[in-house]
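Everything on this sheet refers to the single structure shown next.
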Amino acid sequence: MQKARAELPTVVNMTVADLKTELRVLGLRVTGRKAELVERLEQTRRKMAAGLPPIETEVHRDVEPLWYMLQTANGFERTVERSLSQAIEVQRLQEDIDRIFVPIADGETSVRDASVMPSYILVHMRMTRALHTFITGMQYVVNFVGADHGGRSRSGQLDGSRGFVWPRPLTDDQFQSIVTLTKEAARASGAGGEGEEAPPSLAVGARVLVSSGPFKGLEGTVTEVGTEGLATVLLTVMGRQTAVSLPERSCQPAGEAAAAAGQEEAAVSAPVEAWDP
């Protein structure tokens, strides 16, 4: 305890450059004001003095299967699905992985034309270290979505572009929101031009606020405008930038949507409404 107390003034008196250097070696974030860097390093030193690892680098083991989001190379969602399905059969993993869900518009088969979350699939599985290593080592798999510890390992060595990612499961509500999105995307694409109200005109690069559906209240950037009333918007989902296909009529220009002070907060807290394409 005395040693830990003696170290605290040393941390406070360190320069920002020295603080960042030590944090980087430990594989921790190096962004923020000096006071935040000091607090982060002090907490880490206390953990290490107590014999605890500075960051969580162990994959947990689930008791029951949960839904996990898996990032794939763009356009290879079905390839990863097939490869994983074959592995389940060959290695008899049915008790550990019981369902794979590719989020495309309900009733469609083409990922290219109907994906609502390009480059992502969902896996219902009982997470273990062995399964994590096996799946993340598959061709065209990028990583599980979870808590990102940055681009360096605990020893400070470069570890790819992101470093260890602690996989975090989706909640039931989060999964159901994605399922709802696939159903609403199907309704939007099947509505044709019979809607009473023409969808707003969107441009690539425009900032928009989602006004309805499971992603209501989120703000993002339009990356693609389709020909069937759908637009691809880059949203922050579970702390990760994710491309999501949305009906254009559910997207409002961010400036207009946030004209009144506090309007965005009200949109986030409002009850979720069903889309009515």
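Residue numbers (the working numbering): -5 to 271. For every residue, glycine included, the Cβ atom is placed at its ideal position computed from N, Cα and C. All figures in this text were calculated on a predicted structure; none of them were measured in a lab.
Between the CA atoms of residue j and residue i - distance to the nearest angstrom
{"i": "GLN246", "j": "PHE70", "result": "31 Å"}
{"i": "LYS181", "j": "ASP56", "result": "The sequence shown places Arg at residue 181, not Lys. Answer to the nearest angstrom: the Cα atoms are 36 Å apart."}
{"i": "PRO241", "j": "PRO112", "result": "15 Å"}
{"i": "GLU75", "j": "GLN88", "result": "14 Å"}
{"i": "PHE169", "j": "ASN7", "result": "47 Å"}
{"i": "ALA29", "j": "ARG86", "result": "52 Å"}
{"i": "THR66", "j": "LYS177", "result": "22 Å"}
{"i": "ASN68", "j": "ILE82", "result": "23 Å"}
{"i": "GLU33", "j": "LYS41", "result": "12 Å"}
{"i": "PHE209", "j": "GLY26", "result": "29 Å"}
{"i": "LEU175", "j": "ARG162", "result": "21 Å"}
{"i": "GLN80", "j": "LEU125", "result": "14 Å"}
DSSP state of residue i mapped onto helix, strand, coil
{"i": "ALA225", "result": "strand"}
{"i": "MET121", "result": "coil"}
{"i": "ASN7", "result": "helix"}
{"i": "GLU102", "result": "coil"}
{"i": "SER239", "result": "strand"}
{"i": "ARG162", "result": "coil"}
{"i": "VAL19", "result": "helix"}
{"i": "SER109", "result": "strand"}
Pair within 7 Å by beta-carbon distance, residue i and residue j
{"i": "VAL216", "j": "VAL198", "result": "yes"}
{"i": "ASP90", "j": "MET119", "result": "yes"}
{"i": "THR73", "j": "TYR114", "result": "no"}
{"i": "TRP61", "j": "LEU164", "result": "yes"}
{"i": "LEU203", "j": "VAL219", "result": "no"}
{"i": "SER171", "j": "SER206", "result": "no"}
{"i": "LEU64", "j": "VAL110", "result": "no"}
{"i": "ARG234", "j": "VAL139", "result": "yes"}
{"i": "ALA179", "j": "SER104", "result": "no"}
{"i": "VAL173", "j": "ARG123", "result": "no"}
{"i": "THR38", "j": "LEU20", "result": "yes"}
{"i": "SER77", "j": "MET121", "result": "no"}
{"i": "ASN137", "j": "THR127", "result": "no"}
6 Å Cβ shell around residue i - same chain, five flanking residues per side excluded
{"i": "GLN214", "result": "The identity of residue 214 in the sequence shown is Gly, whereas the question assumes Gln. Once the five neighbours on either side are set aside, the close Cβ partners of GLY214 are VAL227, LEU228 and LEU229."}
{"i": "ALA108", "result": "ILE98, ALA99 and GLU102"}
{"i": "PHE95", "result": "LEU116"}
Same chain, Cβ closer than 7 Å to residue i, neighbours up to 5 away in sequence not counted
{"i": "ASP92", "result": "PRO59 and HIS118"}
{"i": "ALA248", "result": "ARG201, VAL202, LEU203 and GLU213"}
Chain-order list of residues whose beta-carbon lies under 8 Å from that of residue i (same chain, five-residue window excluded)
{"i": "LEU31", "result": "VAL10, LEU13, LYS14, LEU17 and VAL24"}
heavy atom of the ligand FAD below 6 Å from residue i C-beta
{"i": "GLY131", "result": "This structure lacks the ligand FAD; in fact it carries no ligand of any kind."}
* Asked: In chain order, which continuous runs of the beta strand (DSSP E) of length 3 or greater are located wholly inside the region 59 to 106?
  -> 60 to 66 and 91 to 95
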